[in-house]
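Down below is the structure, laid out as C-alpha cells.
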Ligand code: FEO
C-alpha cells in the first residue's frame, strides 16, 4: 500500500478514505477547473463498514487510505449509496479484494450496479430501514433522483452524521477536508455551480426530501457528501442554502447571454443590458465566445430573467446558442421571465428559434423576438433598451406579486 495516502478522521467513528482528482477538468460535460474528489468513508466500530467507493482508477488510493486505519480485509460491510461510476467504479474490485460479508444498496441500486458491472451479491436496503450494523446504528433513506433513481443516503445516528452522496457535494479538489477550512467564496461558488448544473431538475424532489429528513427529527451535526468537503459546523447553513436553491424564487437579477458573428447581436445585447440596469435589475452579460454553459446555469440559478440573443446562420440559430439552450432546457430552471433577440442578414430564424427554446423552458416571454437586419442603428439599439426595460418591468411585477 502507498503510505502517502492517509485517512482523515471526521467524527467519532468515521474516517474519510476517498480520492482527490486534482487533474479532472471535465466531469461528463461539467467543467471542473478546481478538480474534484470522490469521497468514501470508513466507519470503524465493532466492525468496519465502507461507505461508497471511488472512480475505478483511484481504487488503490482508496485502499491505501483504508490501510492507514485498518487492514482492508477487515471491511465487513460495504454500503453503496449511489451507483454512478464515480462512486461505484471501484466497487467490484474492492469487493474482490476485501471479500466483505455483505454489500448494501437500494433496490434501484441493485439494478443499476448489475447493469454496469453484471449481477453481484448485493443486498437491498429498504427505504427507512434502521439497522444495527457492526455496533453502530444506521438508517437508509431512499433519495430517488438525487442524483440518480438508485440514490440513497445513510444516517449514522451514533455520530449524528448524514452520508449524503451527491447531495450537498461540490466538485472541488482540496487538501482540506472540511468546508469551514476553505475560503467561503470558493465554497459558495462551487456549491451553487454544483446545484445549478446537476441538481436543478430535481429541486422539488430535494425540497420534499429535506422535509422528510427534518420530519425524522434526527439531529444532524455532520454532512458527509461524495464530492468535495465535509460540512461539520452549522449544517443548517448548507440545508438552508439548498432550500433557497430549491425554491428558485425570482430575484432582481437578469442573465443576458448571446453569441454574435460580426458584432451586431453583441450590440443588441448591450442595449438590452442598458434597459435592464436602468430599471434597477442587476444584469450579468455572458457572451458565449468566452462563457460556458456551466457559467450560464450557475448565474441563472438565483436570477429572475433570461434574455437570449442569436444571429441567424444558414437559416438556423447559432450553434453555440443552441448548445446552451439545449443544456438549459434539460436542467429545467423555473420561474423566469425573458425575451429573445438577434441580428440577421436575410432570413432571420435565429431569434425565432431562441423563442421556441424559451417557450419549451416555460419562460414567461414579455414580447415577440426582436430581430434586427444587419447592424443595429441607434433606433434599433433603443428598441433593445426598451426590450430590456420590458423584461425588467415584468420581473418587478412578478416579484411584487402583481402577476
Ligand atoms: Fe457523483 Fe451522481 O455521481
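Residue numbers (my numbering): 12 to 414. In this text, a Cβ means the ideal position worked out from N, Cα and C, and glycines have one as well. Quick caveat, the model's predicted, so the values are computed rather than measured.
Go through the region 383-410 residue by residue and report every complete run of the alpha helix (DSSP H) that reaches 4 residues or more, in order. none
For residue 282 and residue 205, I'd like the C-alpha separation in whole angstroms. 31 Å
Use the C-beta contact count for residue 110: other C-beta atoms within 10 angstroms, 16 or more gives buried, fewer gives exposed. exposed
Could you tell me whether the Cβ atoms of residue 71 and residue 91 are closer together than 8 Å? no
Rounded C-alpha distance that separates residue 29 from residue 280: 45 Å
Taking 8 Å as the threshold, find out whether the region 84-99 comes into contact with the region 52-62 through three or more Cβ pairs. yes
Using 10 angstroms around the beta-carbon of residue 306, count the other beta-carbons present and answer buried if the total reaches 16, otherwise exposed. buried
Between residue 312 and residue 211, is the Cβ-Cβ spacing less than 8 Å? yes
With residue 132 as the anchor, note down where its beta strand (DSSP E) starts and where it stops. Residue 132 -> no beta strand (DSSP E), and no H or E assigned at all.
Our contact map puts residue 297 next to residue 285 with C-beta atoms below 8 Å; I'd like the distance itself, whole angstroms only. 16 Å between Cβ atoms; not a contact.
Using a Cβ cut-off of 8 Å (strictly closer), state whether residue 289 contacts chain C. Considering every chain present, this structure includes no chain C. It has just one protein chain.
Residues near residue 153 by beta carbon distance below 6 Å, same chain, minus five either side: 117, 138 and 163
Please confirm whether any heavy atom of the ligand FEO lies closer than 7 Å to the CB of residue 238. yes
Taking contact to mean 3 or more Cβ pairs, one atom from each stretch, closer than 8 Å, check whether the region 169-177 and the region 231-249 are in contact. yes
Sort 221, 27 and 319 by Cα distance to residue 382 and report the nearest one. 319
How about residue 94 and residue 159: do their beta carbons lie closer than 8 Å? yes
Residue 307 - containing alpha helix (DSSP H), residue span: 304-311
Would you tell me roughly how many angstroms separate the C-alpha atoms of residue 331 and residue 323, rounded to the nearest one? 12 Å
Please go through the same chain and pick out, in chain order, the residues whose beta-carbon is closer than 7 Å to the beta-carbon of residue 429, but skip the five residues on each side of it. No information on residue 429 is available, as it lies outside the stretch 12 to 414 that the chain covers here.
Can you tell me whether DSSP reads residue 164 as helix, strand or coil? strand
Could you give the C-beta distance for residue 142 and residue 54, rounded to a whole number, given that I count them as a contact under 8 Å? That pair is no contact at about 12 Å.
Taking buried to mean at least 16 other C-beta atoms within 10 Å of its own C-beta, is residue 273 buried or exposed? exposed
In chain order, what are the residue ranges of uninterrupted alpha helix (DSSP H) at least 4 long that sit wholly in the region 272-344? 275-289, 304-311 and 330-342
List the endpoints of the continuous beta strand (DSSP E) containing residue 34. It is not in any beta strand (DSSP E) - residue 34 carries neither H nor E in the DSSP assignment.
Looking only at its own chain, which residues have a Cβ that is under 6 Å from the Cβ of residue 295, when we skip the five neighbours before and after it? 266 and 310
Bounding residues of the beta strand (DSSP E) (the contiguous stretch that carries residue 185): No beta strand (DSSP E) contains residue 185, which DSSP labels as neither H nor E.
Quick test of the definition: if touching needs 3 or more C-beta pairs under 8 Å, does the region 253-264 touch the region 341-352? yes
To the nearest angstrom, report how far apart residue 197 and residue 67 are at their CA atoms. 28 Å
Through-space distance from residue 225 to residue 191, alpha-carbon basis: 23 Å
Considering only residues of the region 200-256, which uninterrupted alpha helix (DSSP H) runs meet the minimum length of 4 residues and lie entirely inside it, listed in chain order? 214-227
Any non-hydrogen atom of the ligand FEO within 7 Å of residue 27 CB: no
Please classify residue 85: does DSSP put it in a helix, a strand, or coil? helix
Under the three-state reduction of DSSP, which class applies to residue 79: helix, strand or coil? coil
Buried or exposed: where does residue 188 fall if 16 or more other Cβ atoms within 10 Å of its Cβ makes it buried? buried
Beta carbon of residue 276 nearer than 8 Å to that of residue 354: yes
Pair within 8 Å by beta-carbon distance, residue 157 and residue 220: yes
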